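Protein chains in written order, with the working numbering: chain A, 51 to 177; chain B, 11 to 89; chain C, 235 to 493. Just so you know, even glycine gets a beta-carbon here, dropped at the ideal spot from N, CA and C. This one's a predicted model, so the numbers in the text were calculated from it and none came from an experiment. Everything below concerns the one structure shown next.
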Amino acid sequence: MSEPRDDKRPEPGSDAHRATADLEARIARARGQRAAEAVPEQTRTGDLSGLSRGFRLGSEFVAAIIVGAGLGYLVDMFLPTRPWGLVVLLLLGFAAGVVNVVRATAQMNAATAVPKTTPALPDDEDD
Amino acid sequence: MDPEAAKLMGKLIGAGIACIGMGGAGVGVGVIFGNYLSGALRNPAAAASQFSNLIFGFAVTEAMGIFSLVIAFLLLYAV
Amino acid sequence: MAEQPIEPIHQFRITNLFDIGTFGGNGTEGSGTHLAFTNSALFMVLTVGLILAFLILGSNRRAIIPGRMQLMAEMTYEFVANMVRDTTGTEGMKFFPLVASLFLFVLVANLFGMFPYFFTVTSHLIVTVMLALIVFLTVVIYGFYKNGPRFLKVFVPSGIPWYIIWIVVPIEVLSFLSRPVSHSLRLWGNVLAGHIVLKVFGGMVVALLAAGAWGVVSILPFGMAVAMTGLEVLVAALQAFVFAVLTCVYLHDAMHPGH
């Protein structure tokens with residue numbers, strides 16, 4: 051997306067000139083295509099294998115609980131709230147973990163879902 | 011045995027016993043996902059609509075495991 | 235068995251190649267910060283060196299009709315650029331250098347780890363935590379720089395009634411804070427587990443071969459080790475990809491808080 055570093059213009063009529071004569075037009079066209087491509091609002095993740103899906107969901111869930119428990123332990127260390135900081139933040143961490151899992155699954159499903167615009171096969175009367 | 015050591019021993023053993031509860035949660039989560047999968051294979055069209063129920067069941071089941079984790083942490087760090 | 239079985243975590247041991255010195259402290263044993271050039275640092279330098287050599291070799295000719303090296307470099311660029319563009323939109327391309335550096339570093343470090351006797355940089359939690367923290371701090375700092383206080387909207391999902399906010403916001407804060415943890419734990423866990431499993435199967439081959447007639451059975455763990463090697467190469471590439479994609483997803487949140 052920056053200026054070409056080789057700023058010597060090739061001689062008009064030479065091979066290199068013919069190859070690059072319409073380069074600007076082509077770049078402009080490519081940029082136009084890119085801008086025209088509707089950027090989906092929903093973030094999408096590439097297709098993942100089942101193994102890494104599982105690892106991803108598991109680590110999202112466990113990480114939130116670890117963070118909750120760690121924060122709760124810290125809160126209890128510095129405030130006279132023992133044992134409630136740990137209990138409350140651990141439960142909140144659990145909730146955050148579930149939220150993480152739901153969000154990650156929604157992302158994965160959005161990535162693998164068939165776009166609605168593709169013509170569906172002739173269907174039975176089930177919808 | 012000196013009382014401090016006895017207390018520590020009780021804490022550690024209690025935390026270990028509390029963690030058994032998480033095994034139950036593991037069984038429950040396995041049952042839930044297994045049944046979801048077999049149901050989804052029988053009727054894939056309905057699978058997506060039941061996804062929120064799946065997550066709800068997973069959360070409730072796993073909450074039991076988390077409760078025992080809370081007890082274990084309480085015994086270890088807060089008693 | 236006569237000799238010690240091969241220790242599967244020996245491969246992760248950090249050794250000092252040469253000492254740089256001790257800084258600070260009062261001169262007594264164990265005080266101050268001890269700096270040394272370790273095997274981990276050596277392989278980080280090798281990783282960066284390989285990436286640099288690849289990209290410089292690939293881009294020094296800048297031919298209109300690309301050669302092999304240039305084609306590979308361009309494909310790498312296009313791959314990462316498409317990933318960034320797909321997840322964060324065109325405006326996210328200002329983070330392309332960050333994402334590309336992270337992706338290439340993790341990818342090459344993971345693949346380096348697949349060579350026997352090579353040290354795997356990403357099998358140490360501190361390395362992956364630092365990488366994840368770079369992303370996390372970038373998100374926080376850029377989010378506040380770009381959006382100001384509106385960045386806090388990332389903790390408030392749109393369209394919820396006011397009386398649930400008091401429950402939802404702490405959950406969202408914890409969920410946000412758990413990102414660098416899961417980001418780093420996943421990469422580290424995958425790499426570490428894979429390498430330990432490989433080493434365990436390799437150790438079984440050696441142990442069975444040493445056990446005389448039972449050596450015939452060693453073909454089984456050997457086959458497993460071969461299969462696991464293939465799987466680990468896949469995991470190495472996949473985890474680098476996942477790391478980069480999640481970086482993009484988090485950066486997207488920094489640019490558009492409130493989902």
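Three-pair Cβ contact test at 8 angstroms for the region 62-72 of chain B versus the region 248-267 of chain C: no
Residue environment, Ala-478/C, which counts as buried when at least 16 other CB atoms sit within 10 Å: buried
Sufficient close CB pairs (3 or more, under 8 angstroms) joining the region 346-362 of chain C to the region 406-415 of chain C: no
C-beta contact flag for Ile-42/B and Gly-67/B at 8 angstroms: yes
Any C-beta of chain A under 8 angstroms from that of Val-37/B: no
Segment contact, 8 angstroms Cβ cut-off, at least three pairs: the region 108-116 of chain A with the region 131-149 of chain A: yes
Limits of the unbroken beta strand (DSSP E) element including Asn-250/C: 250-257
Closer than 8 angstroms to chain C by CB, Phe-128/A: no
Helix, strand or coil at Thr-131/A according to DSSP, with G and I counted as helix: coil
Limits of the unbroken beta strand (DSSP E) element including Leu-269/C: 267-272
Unbroken alpha helix (DSSP H) run spanning Trp-400/C, endpoints: 396-443
Among Asp-12/B, Pro-13/B, Met-11/B, Lys-17/B, the one whose alpha carbon lies nearest that of Tyr-87/B: Lys-17/B
Inter-residue spacing [alpha-carbon to alpha-carbon] between Val-469/C and Thr-372/C: 26 angstroms
Alpha helix (DSSP H) segment containing Tyr-351/C, residue limits: From DSSP, Tyr-351/C is part of no alpha helix (DSSP H); its letter is neither H nor E.
Limits of the unbroken alpha helix (DSSP H) element including Gln-304/C: 302-322
Residue interval of the alpha helix (DSSP H) (run including Gly-326/C): Counting along the chain, Gly-326/C falls outside any alpha helix (DSSP H), and DSSP gives it neither H nor E.
C-alpha distance - Glu-406/C paired with Ala-160/A, whole-angstrom precision: 21 angstroms
Below-8 angstroms beta-carbon distance, Tyr-46/B vs any chain A residue: no
Span of the alpha helix (DSSP H), counted from its first residue to its last, around Tyr-379/C: 359-381
Min CB distance Arg-106/A to chain B below 8 angstroms: no
Range covered by the alpha helix (DSSP H) that runs through Met-489/C: 453-489
Alpha-carbon to alpha-carbon, Ala-58/B and Asp-177/A: With a pLDDT of 45 at Asp-177/A, under the threshold of 50, the modelled position of this residue cannot be trusted; read the value that follows with caution. The alpha-carbon atoms of Asp-177/A and Ala-58/B are separated by roughly 15 angstroms.
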